[in-house]
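Numbering (the working numbering), first residue to last: 155 to 390. Think of the CB as a built atom: it goes at the ideal place given N, C-alpha and C, for glycine as much as any other residue. Below: one structure, written as structure tokens.
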Amino acid sequence: MQAGLSISVVIPVYGDREPIDQVISDIHSVLSTRSQYEIIIVWTPEHESQQSPPQPYSEWENTEVIVELRRGYGRAYLTGFEKASGDIIVTLDADGTYPAKEIYRLAARLISSDSDFISTNRLLHHEVGAFTPIKRFGNLLFSLILRLLFGVRFKDSQSGMWVFKREILKSLHLQETGMSYSSEIKIQVHQTGYRYNEIPIFYRRRKGGQTSLNWIRDGLRIFRFLLKKRFVTKKL
Ligand SMILES: Nc1nc2c(ncn2[C@@H]2O[C@H](COP(=O)(O)OP(=O)(O)O)[C@@H](O)[C@H]2O)c(=O)[nH]1
Ligand SMILES: [Mg+2]
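Right, here's the structure in full:
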């Protein structure tokens, strides 16, 4: 990778269910000798009684914790990206499903392939049980809808591990606060004319906690967002 480029890893964390320690230690192990980097954790409490993160995340090296009281996966990224200062932003879940050790390789690919945005494809290589039938079906359905309605070419449209140049955020107008954020960013990257790519990764089963995604509730919300975006709002 081009010498001197810095990386911000932004991780949304909901409640205290997720075993984030392994993710953080994998990030340190792969980046500490290779790049300047920061980790930004955007933590949202699950219950009103929780006042602060379950662990002293901020005591970890290069790690900043933002407490975001407003719920939502997209909200967490909107807040986290405002704080990020790296040349390259990497996103991933706190649940250990995405390969944190691949961050440097993906960032290097972003630069070497002259791309602005890379999303990852989990469908080719994954642990048994990482995709429930409904998760796989919903994902394929939304990938098809994104392609038909917007011409967006991602095979795994709901993947949440992205690597992109921070400067592209200036031209995007992201505002979705829920799970639709993942579709919104990909549609806007496509519509703005940025160069994008999709790279296969190995996707694991959750190591703890449970998904905050409800395929019926969130699936309908994503569907409504896509229809509105295509037929009502249209603009970025
Ligand atoms: N800060 C914050 N993080 C969230 C929220 N909802 C989900 N997340 C995090 O976003 C990531 C994706 O959620 P997850 O439940 O794993 O969805 P799935 O991967 O589709 O099953 C995880 O790291 C969650 O902890 C939220 O309301 N606030
Ligand atoms: Mg997850």
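| Query | Result |
| --- | --- |
| Nonlocal neighbours in the same chain, by C-beta distance under 6 Å from residue 218, ignoring five residues either side | 194 |
| Straight-line gap, residue 285 to residue 214 (C-alpha atoms, nearest Å) | 31 Å |
| Close-in-space but distant-in-sequence residues of the same chain around residue 379 (CB under 6 Å, 5 per side omitted) | 334 |
| Backbone CA spacing between residue 198 and residue 187 [nearest angstrom] | 31 Å |
| Residue 301 - DSSP class collapsed to helix/strand/coil | helix |
| C-beta atoms of residue 196 and residue 252 nearer than 9 Å | no |
| Cβ neighbours of residue 172 in the same chain (closer than 7 Å, five flanking residues each side left out) | 248, 249, 362 and 363 |
| Closest by C-alpha distance to residue 399, when choosing among 296, 211 and 185 | Since the first residue of the chain shown is 155 and the last is 390, residue 399 is not available in this structure. |
| Rounded C-alpha distance that separates residue 324 from residue 355 | 28 Å |
| 7 Å CB neighbourhood of residue 261 in its chain, flanking five on each side removed | 155, 161, 242, 244 and 317 |
| Burial state of residue 157, where buried means 16 or more other Cβ atoms lie within 10 Å | exposed |
| 4 or more residues per run - each alpha helix (DSSP H) lying fully within the stretch 170-257 | 174-185 and 227-237 |
| Cβ distance (whole Å) where residue 298 is taken to contact residue 306 below 8 Å | Actually they do not touch by this definition, with Cβ atoms about 11 Å apart. |
| Sheet register partners of residue 351 (DSSP bridge) | 272 |
| N- and C-terminal bounds of the beta strand (DSSP E) containing residue 379 | Segment 369-382 is the alpha helix (DSSP H) holding residue 379; no beta strand (DSSP E) there. |
| Sequence-distant residues of its chain with Cβ nearer than 8 Å to residue 204 (five each side left out) | 169 and 170 |
| Extent of the continuous beta strand (DSSP E) run through residue 319 | 316-319 |
| Own chain, CB closer than 7 Å to residue 211, minus 5 neighbours either side, in chain order | 195, 217 and 219 |
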